[in-house]
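Here the structure comes first, spelled out in structure tokens, and everything after it is commentary.
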Amino acid sequence: MSALTTTRPSPGLLFRLGLMRPDLVIRSAVAHLVLIVGALFVLLPFVWMLLTSIRKPEAVFTAGFNPIPDEFHGVENYGHALSQSPLLQFMGNGVIVCAAILALQLIFSLPAAYALAKLSFRARPLIFALVLMGLTVPEQVTALPIYMGLASIDMLDTYFALMLPFSLSVFAIFLFRQFFKSFPDEIIQAARLDGFTEFEILIRIMVPSALPAIAAFAVFSITSHWNDLYWPLVVTTSPEHATPPLGMMIFRDQETGSNYGALMAGATIITAPLVIAFLIAQRQFVRGITMTGVK
Amino acid sequence: MAVLAAPGTQPIRRLSSQPRVEAFTGQMFALPALLLIVGLLIVPILVVIVLGFSDYQLGAIEWSWIGLGNYQRMLDDPVFWRSISNTFLYVAAVVPGSVLSALVVAILVNDRKHFKSVYQIIYFLPVTTTLIAMSVVWHFVLNPQLGPIAGVLRALGLPPVDLFGDPDLVLIALSLIGIWQLVGFNMVLFLAGLTAIPHDLYDAAAIDGADHPWDRFARVTWPMLGPTTVFVVVTTTITAFRVFDTVAVITRGGPIGRSEVMLYDIYLEGFQYFEIGYASALTVVFLVVVVVLAVLQAFFLDRKVHY
Chain A
107 MSALTTTRPS PGLLFRLGLM RPDLVIRSAV AHLVLIVGAL FVLLPFVWML LTSIRKPEAV
167 FTAGFNPIPD EFHGVENYGH ALSQSPLLQF MGNGVIVCAA ILALQLIFSL PAAYALAKLS
227 FRARPLIFAL VLMGLTVPEQ VTALPIYMGL ASIDMLDTYF ALMLPFSLSV FAIFLFRQFF
287 KSFPDEIIQA ARLDGFTEFE ILIRIMVPSA LPAIAAFAVF SITSHWNDLY WPLVVTTSPE
347 HATPPLGMMI FRDQETGSNY GALMAGATII TAPLVIAFLI AQRQFVRGIT MTGVK
Chain B
111 MAVLAAPGTQ PIRRLSSQPR VEAFTGQMFA LPALLLIVGL LIVPILVVIV LGFSDYQLGA
171 IEWSWIGLGN YQRMLDDPVF WRSISNTFLY VAAVVPGSVL SALVVAILVN DRKHFKSVYQ
231 IIYFLPVTTT LIAMSVVWHF VLNPQLGPIA GVLRALGLPP VDLFGDPDLV LIALSLIGIW
291 QLVGFNMVLF LAGLTAIPHD LYDAAAIDGA DHPWDRFARV TWPMLGPTTV FVVVTTTITA
351 FRVFDTVAVI TRGGPIGRSE VMLYDIYLEG FQYFEIGYAS ALTVVFLVVV VVLAVLQAFF
411 LDRKVHY
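Residue numbers (our numbering), protein chains in the order written: chain A, 107 to 401; chain B, 111 to 417.
See below:
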């Protein structure tokens, strides 16, 4: 090996000559080819969804031969999706539930995270241990007792029921605690000497400092609860409180016939908000969602 | 800061009372969260464990403690065993599938000079989308009569394949969707791992003659990605174990029970048949699996910083 390297130019030079070397050009072409094939697989359902959503119902059956629709039938399909099913109401429910969950999670977790990071009190190690333990528990484990509790106070099928299990996020407490932990003590101490109460320190110093973490958490929280099916499926019985995923199931079951155009239009409408948000704020999305890697 | 310099005993008094104030505020700040942790996590988990020893059915007036009866019942319950084996098969397909393809994609994307971010956006797209809606779409895409795949097969003169209707293929089809959804997520984790590899290592390897991409991968990339890979594998395993959405939307456990999975079994027993006692015992089994995985993950928690 070492005999070979003596006859070769330095790696830096190799790198600069890279574009001119035929083997590297081939290498790059193969890499692009592999990535494009993979990308086609990833995009396949999206493309088919969009194409079908503008296809005439009759053309759906022959679409295999003729993927690109000859006629634009989108207005009818989307109109049908919106008029036959309260899709907009499902999305409105999604907005209400997600916003309320996020607000509650922030209200409960930020003070607790500050207390766990910067204030010393006796129960602190115990509470932190509970938080760490809570990180491992999926929503499906606590669903049954919470469902029974809600049933006993006759609160099933309400917005309250949809929010309740998620009103506290141990993950938020953990995340913000880690963030606050690295905040300099001197500044907090100085603020105390300046007469700030602990509450003012939290609101005027800690929370503004944590805005990037809050933004990342918001993306994580909104995408998980917008897309969540299990709990809404359990507690919701009427379409009035259905969230988007549940609405999609209701809509699908209504469209038992063969109106695939409207069904795909409905799927497009329900998927669109998060996809558009992702395309606008990619960095925030990637950061927020991959934070679950910690969870 | 000017206040600091002001004469007087006030700041000193405040400082000396600081520990008490701090302890009091600390408790007050943590109290609401603590109450919710107890009410929404601790108590429900204890209730599930306790109910697992009963034959309670929702709304039943008479019920009794049956000890390990529910666990006994599980041993004889074909649905339970099917759901366990199907879940493990699903995990066994989705974890290597999504981790290996994500690794390949991440390495290829990382080395590209052009269209790097376009590829990243495309591969990440499924992560953000509502899986329920996309499950409906996949169901349609793989439809043996109407889907584009069927069209291609027909054009090639091949017989149609009913992936969701064939007992032998249904788990493969569900795994494909699972992989489709997880590749982008894992790709991002691997990309973070790749950027953390110092470039000098590749230069050093090149001087040693490791210039071919395979040599670079085997000697530098793979060893350096070790911790990331372990982390990605554990995280993906936890996610895959919780497969529910695609089953609930597309197959509902069928055909002939070949896509029954743990969470779907728990959902049916608990919220469709209202067999609370039995569903609680099933939940305990599920919790044990998840906790074991979480302990494994905590073991690698120091690798958690990915951004």
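Even glycine gets a Cβ: it sits at the ideal position worked out from N, Cα and C.
Under the three-pair Cβ rule at 8 Å, the region 269 to 286 of chain A counts as touching the region 233 to 247 of chain A. Proximity of Ile147 of chain B to chain A, defined by a Cβ-Cβ separation below 7 Å, is satisfied.
Not a single CB atom of chain B sits nearer than 7 Å to the CB of Tyr184 of chain A.
Going by beta carbons, Trp191 of chain B and Pro236 of chain B fall outside the 7 Å limit.
In the structure shown, Trp175 of chain B falls within a strand segment according to DSSP collapsed to helix, strand and coil. Val181 of chain A does not reach chain B, its nearest Cβ partner there being about 21 Å away, counting only Cβ pairs nearer than 7 Å. Residue range 388 to 396 is occupied by the alpha helix (DSSP H) that includes Arg389 of chain A. Taking a beta-carbon distance threshold of 7 Å, Gln291 of chain B does not count as an interface residue toward chain A. Using beta-carbon distances, Arg358 of chain A counts as an interface residue toward chain B, with a partner under 7 Å. Val353 of chain B is not a Cβ neighbour of Gln407 of chain B, given a cutoff of 7 Å. Ser344 of chain A sits in coil when the DSSP states are folded into three classes, being neither helix nor strand. In this structure Ala316 of chain A is in contact with Phe286 of chain A, their Cβ atoms being roughly 7 Å apart against a cut-off of 8 Å. Between the alpha carbons of Gly257 of chain B and Ile375 of chain A lies a distance of about 21 Å. Secondary structure of Ser164 of chain B (DSSP, three-state): strand. What Leu194 of chain A touches in chain B, judged by beta-carbon distance under 7 Å, is nothing: the nearest beta carbon there is about 15 Å away. Phe167 of chain A is not a Cβ neighbour of Gly353 of chain A, given a cutoff of 7 Å. By alpha-carbon distance to Glu164 of chain A, the top candidate from A:Leu156, A:Asp176, A:Met155, A:Trp154 is A:Asp176. Three or more beta-carbon pairs drawn from the region 346 to 361 of chain B and the region 196 to 209 of chain B are found closer than 8 Å, and the two stretches are therefore classed as touching. Thr356 of chain B sits in a helix when the DSSP states are folded into three classes. For Ile293 of chain A, the nearest beta carbon of chain B is not closer than 7 Å to its own beta carbon. When C-beta atoms of the region 126 to 136 of chain B are compared with those of the region 344 to 353 of chain A, fewer than three pairs fall below 8 Å, so the two segments do not count as touching. Proximity to Leu141 of chain B across A:Ala257, A:Leu339, A:Phe234, A:Ser344 peaks at A:Phe234, based on C-alpha coordinates. At a cut-off of 7 Å between beta-carbon atoms, Met354 of chain A makes contact with chain B. For Tyr265 of chain A, no Cβ of chain B is located within less than 7 Å of the residue's own Cβ.
Pro154 of chain B belongs to the set of residues whose beta carbon lies under 7 Å from a beta carbon in chain A. Arg368 of chain B: not part of any alpha helix (DSSP H); DSSP gives it neither H nor E.
Measuring C-alpha to C-alpha distances from Leu210 of chain B to each of B:Thr338, B:Gly267, B:Ile176, B:Val399 identifies B:Thr338 as the nearest. Nearest to Leu157 of chain A by alpha-carbon distance, out of A:Phe391, A:Leu385, A:Ala368, is A:Ala368. Scanning chain A for C-beta atoms nearer than 7 Å to the C-beta of Asp375 of chain B yields nothing, as the closest lies near 11 Å away.
Around the beta carbon of Val148 of chain A, a 10 Å sphere encloses 16 or more other beta carbons of the protein chains shown; the residue is thus reported as buried.
For secondary structure counted as the beta strand (DSSP E) over 3 or more consecutive residues, the region 293 to 333 of chain B holds no complete run.
Taking Phe214 of chain A as the centre and dropping the five residues before and after it, the same chain places the C-beta of Leu274 closer than 6 Å to its C-beta, in chain order. For the pair of segments examined, the region 277 to 284 of chain B was found not to touch the region 221 to 241 of chain B: the number of CB pairs separated by less than 8 Å stays below three. With the rule of 3 Cβ pairs closer than 8 Å, the region 143 to 150 of chain B counts as touching the region 208 to 224 of chain A.
At a cut-off of 7 Å between beta-carbon atoms, Ile259 of chain A makes no contact with chain B.
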